[in-house]
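Q:
Number of protein chains: 2
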Amino acid sequence: MPSPTKKSVPAIDEVDTSYLETLIGYNARRAALTVISQFVEHMAVYGLNPVEFSVMSVVVHNPGVTSRQLCAALNILPPNLVGLVQLLENRRLIERKPHPHDGRAVGLHPTQIGEALMAKAEVTARELEIHTCSKLTPNQIQTLVTLLQKIYL
Amino acid sequence: MPSPTKKSVPAIDEVDTSYLETLIGYNARRAALTVISQFVEHMAVYGLNPVEFSVMSVVVHNPGVTSRQLCAALNILPPNLVGLVQLLENRRLIERKPHPHDGRAVGLHPTQIGEALMAKAEVTARELEIHTCSKLTPNQIQTLVTLLQKIYL
DNA sequence: TATTGTTATACTCTATAACTATA
DNA sequence: TATAGTTATAGAGTATAACAATA
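Residue numbers (the working numbering), protein chains in the order written: chain A, 1 to 153; chain B, 1001 to 1153.
As structure tokens, this is what we get:
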């Protein structure tokens, strides 16, 4: 008489993901998705998703930056930036001005509204770090940032 | 007479992304994209993208796992897993068998072909870690994994 | 000839609602 | 009534090719 636990096709009680959890790629992706979903949630009050936030941030810290420079800095493809810039311009967060010495290029500048919005948004982003990394000490957060940059920079 | 550098609308020589580089979310996303693009490149020989690799890995290490369990473990929505499972089944990498004591569920099992493929793919994935993290010591890789898990687990 | 910005478009990934079969 | 698997579909994100204007 077979014991009750003997089955030719057993069921899985708890899924073992220990192998995947040893891989950098798996952990980086899972962590990034967690951080980003919290970012989306808390930045909704400013009407900014992560990409819009980073574009605005680069424009505020680099007034006059061109689309090409933005694309290179943020790893965005030029066709995908066009609609983004138009959206931010329509919201009066940025302005497009002629480039000082390249007739092909256009400089992107923050408006007063854009600067005011980002001043608040960047404070929120900083507070969000603490919340997202609540299980990490400030020292560990700094270590994490340093190690991540060694991968992509 | 104005100096040549005096411009009302100056150009940006080099884009300053130092603010964004202090944010966990920005770094996690950029690092994840770098790691994943290398993974895609090196796993193409097996015909597996990152999601297919993780599904296959969980099935191999948890024979009989159900779709629901897979979804919960890998953070995939059930409708998006359906096509994935069909694809892997068509490639004879997994098999669907009746669940031992739940008529609604279906157990996913690796075939011999699937197990053989994943044995090789997991070796490649391990080698890829070393390549992707060439600027990190084994100790730093371990630290990075631990810190990332504190965020999403 | 090369580059900036742009349009059009396709492909992938992700998300939601609703259905069926079973518990 | 709740859950597993599925279908259909919508939306977001990402990709390539090609064009006009300027360098």
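Even glycine gets a Cβ: it sits at the ideal position worked out from N, Cα and C.
Which residue comes first and which comes last in the beta strand (DSSP E) that contains L1108 (chain B)?
A: By 1-based counting over the second sequence, the position of residue 1108 (chain B) is 108. Its beta strand (DSSP E) spans residues V1106 to P1110.
Q: When you compare the CB of L88 (chain A) with every CB in chain B, is at least one pair closer than 9 Å?
A: Indexing the first sequence from 1 puts residue 88 (chain A) at position 88. It does not: the Cβ of L88 (chain A) has no partner Cβ on chain B nearer than 9 Å.
Q: Distance cutoff 9 Å, beta carbons only. Does I151 (chain A) sit that close to anything in chain B?
A: Position 151 of the first sequence, counted from the first residue, corresponds to residue 151 (chain A). Output row for I151 (chain A): interface = yes.
Q: Measure from the alpha carbon of V1085 (chain B) to the alpha carbon of each residue in B:L1048, B:N1139, B:L1033 and B:P1100, then state which is nearest.
A: For the purposes of this step, residue 1085 (chain B) is taken as residue 85 along the second sequence, with counting starting at 1. For V1085 (chain B), the nearest C-alpha among the options comes from B:L1048.
Q: To be precise: take each residue of the region 1127-1141 of chain B, compare its Cβ to all Cβ atoms of chain A, and keep it if any distance is under 7 Å. Which residues remain?
A: Taking 7 Å as the Cβ-Cβ cut-off against chain A, the residues of the region 1127-1141 of chain B that qualify are E1129, T1132, C1133, K1135, L1136, Q1140 and I1141.
Q: Hey, is T66 (chain A)'s beta-carbon within less than 9 Å of any beta-carbon in chain B?
A: Counting from 1 along the first sequence, the entry for residue 66 (chain A) is found at position 66. Closer than 9 Å: yes.
Q: Just to confirm, is the Cβ distance from K1097 (chain B) to Y1046 (chain B) under 9 Å?
A: Taking the first residue of the second sequence as 1, we reach residue 1097 (chain B) at position 97. Taking the first residue of the second sequence as 1, we reach residue 1046 (chain B) at position 46. No, these two residues do not count as a Cβ contact at 9 Å.
Q: Inspect the beta-carbon positions of I151 (chain A) and T1124 (chain B) and report whether they are closer than 9 Å.
A: As a first step, residue 151 (chain A) is located in the first sequence; it is residue number 151 there, counting from the start. As a first step, residue 1124 (chain B) is located in the second sequence; it is residue number 124 there, counting from the start. For I151 (chain A) and T1124 (chain B), no; Cβs fall outside 9 Å.
Q: So which of A:G103, A:H99 and A:E89 has the shortest CA-CA distance to R52 (chain A)?
A: In the first sequence, the residue the question calls residue 52 (chain A) occupies position 52. It should be noted that the sequence gives Glu, not Arg, for residue 52 (chain A). Nearest of A:G103, A:H99 and A:E89 to E52 (chain A), Cα basis: A:E89.
Q: Going along the chain, which residues of the region 13-37 of chain A sit with their C-beta nearer than 9 Å to a C-beta in chain B?
A: Result list: E14, V15, D16, T17, S18, Y19, L20, E21, T22, L23, I24, G25, Y26, N27, A28, R29, R30, A31, A32, L33, T34, V35 and I36.
Q: Less than 9 Å separating the beta-carbons of L136 (chain A) and I113 (chain A)?
A: Mapped onto the first sequence, residue 136 (chain A) falls at position 136. Mapped onto the first sequence, residue 113 (chain A) falls at position 113. No, these two residues do not count as a Cβ contact at 9 Å.
Q: Any beta carbon from chain B within less than 9 Å of G107 (chain A)'s own beta carbon?
A: Here the question's residue 107 (chain A) lines up with position 107 in the first sequence. Chain B, which has a Cβ nearer than 9 Å to the Cβ of G107 (chain A), makes this yes.
Q: Taking only three categories from DSSP, how would you classify K120 (chain A)?
A: Your numbering for residue 120 (chain A) matches position 120 in the first sequence. Three-state result, K120 (chain A): helix.
Q: Just checking: is the beta-carbon of E1041 (chain B) within a distance shorter than 9 Å of some beta-carbon in chain A?
A: Position 41 of the second sequence, counted from the first residue, corresponds to residue 1041 (chain B). So, not an interface residue.
Q: Find the residues of chain A that neighbour S1097 (chain B), judging by a C-beta separation of less than 8 Å, and give them in chain order.
A: Here residue 1097 (chain B) refers to the residue found at position 97 when the second sequence is read from its first residue. It is Lys, not Ser, that sits at residue 1097 (chain B) in the sequence shown. Within 8 Å Cβ-Cβ: V9.
Q: Does the distance from the CB of V1058 (chain B) to the CB of P1050 (chain B) come in under 9 Å?
A: Along the second sequence, one-based indexing puts residue 1058 (chain B) at 58. Along the second sequence, one-based indexing puts residue 1050 (chain B) at 50. Contact: no.
Q: Use the C-beta contact count for G107 (chain A): other C-beta atoms within 10 angstroms, 16 or more gives buried, fewer gives exposed.
A: Along the first sequence, read from residue 1 onward, the residue named residue 107 (chain A) stands at position 107. Buried.
Q: What residues are listed by DSSP as bridge partners for T1066 (chain B)?
A: One-based indexing of the second sequence puts residue 1066 (chain B) at position 66. DSSP, once it has assigned bridges, lists B:G1107 as partnering T1066 (chain B).
Q: Tell me the DSSP secondary structure of R92 (chain A) in three-state form.
A: For the purposes of this step, residue 92 (chain A) is taken as residue 92 along the first sequence, with counting starting at 1. Residue state, collapsed to three classes: coil.
Q: Could you tell me whether the Cβ of M1001 (chain B) comes closer than 9 Å to any Cβ of chain A?
A: Locating residue 1001 (chain B) in the second sequence gives position 1, where the first residue counts as 1. Because the pLDDT of M1001 (chain B) is 39, which lies under 50, any placement of that residue in the model is unreliable, and the question is left without a value.
Q: Run down chain B in chain order and give the residues with a C-beta less than 7 Å from the C-beta of P200 (chain A).
A: Residue 200 (chain A) lies beyond the stretch modelled for chain A, which goes from 1 to 153, so this question has no answer here.
Q: Assuming the contact rule is C-beta atoms closer than 8 Å, T66 (chain A) and H99 (chain A) should be a hit. Round their C-beta distance to whole Å, please.
A: Residue numbering aside, residue 66 (chain A) sits at position 66 when the first sequence is read from its first letter. Residue numbering aside, residue 99 (chain A) sits at position 99 when the first sequence is read from its first letter. With 8 Å as the limit, T66 (chain A) and H99 (chain A) qualify as a contact, their Cβ atoms being about 7 Å apart.
Q: Can you give me the Cβ contacts of M118 (chain A) inside the same chain, cut-off strictly under 6 Å, excluding the 5 residues immediately before and after it?
A: Stepping through the first sequence from its first residue, residue 118 (chain A) is reached at position 118. For M118 (chain A), where only same-chain residues beyond five positions count, the Cβ hits under 6 Å are M56 and V60.
Q: For K135 (chain A), does the three-state DSSP call read helix, strand or coil?
A: Reading the first sequence from its first residue, position 135 is the one you call residue 135 (chain A). K135 (chain A): coil per DSSP, three-state reduction.
Q: P100 (chain A) versus chain B: which residues are under 7 Å apart at the beta carbon?
A: For the purposes of this step, residue 100 (chain A) is taken as residue 100 along the first sequence, with counting starting at 1. Here the neighbours are K1007, V1009, P1010 and A1011.
Q: Output needed for R126 (chain A): all residues of its chain with C-beta closer than 7 Å, excluding positions within five of it in sequence on either side, in chain order.
A: Counting from 1 along the first sequence, the entry for residue 126 (chain A) is found at position 126. Excluding positions up to five away in sequence, the list is empty.
Q: Name, please, each residue of chain B whose Cβ falls closer than 9 Å to the Cβ of Q69 (chain A).
A: Position 69 of the first sequence, counted from the first residue, corresponds to residue 69 (chain A). What Q69 (chain A) touches in chain B: I1012, E1014 and V1015.
Q: Chain B beta carbons: is any one of them nearer than 9 Å to that of L148 (chain A)?
A: In the first sequence, the residue the question calls residue 148 (chain A) occupies position 148. Yes, because at least one Cβ of chain B sits closer than 9 Å to the Cβ of L148 (chain A).
Q: Could you confirm whether any beta carbon from chain A is found closer than 9 Å to the beta carbon of T1143 (chain B)?
A: The residue labelled residue 1143 (chain B) in the question sits at position 143 within the second sequence. For T1143 (chain B), the answer is yes, since a Cβ of chain A falls inside 9 Å of its Cβ.
Q: Are S1054 (chain B) and L1074 (chain B) close, meaning C-beta to C-beta below 9 Å?
A: Numbered from its first residue, the second sequence carries residue 1054 (chain B) at position 54. Numbered from its first residue, the second sequence carries residue 1074 (chain B) at position 74. Result yes, Cβ atoms of S1054 (chain B) and L1074 (chain B) sit closer than 9 Å.
Q: Since A73 (chain A) meets chain B, which of its residues come closer than 8 Å, beta carbon to beta carbon?
A: Taking the first sequence and counting its residues from 1, one reaches residue 73 (chain A) at position 73. What A73 (chain A) touches in chain B: V1015 and T1017.
Q: List the whole-angstrom C-beta distance separating G1064 (chain B) from P79 (chain A), where the pair is believed to meet the contact cut-off of C-beta under 8 Å.
A: Indexing the second sequence from 1 puts residue 1064 (chain B) at position 64. Indexing the first sequence from 1 puts residue 79 (chain A) at position 79. Not really, about 46 Å apart at Cβ, beyond 8 Å.
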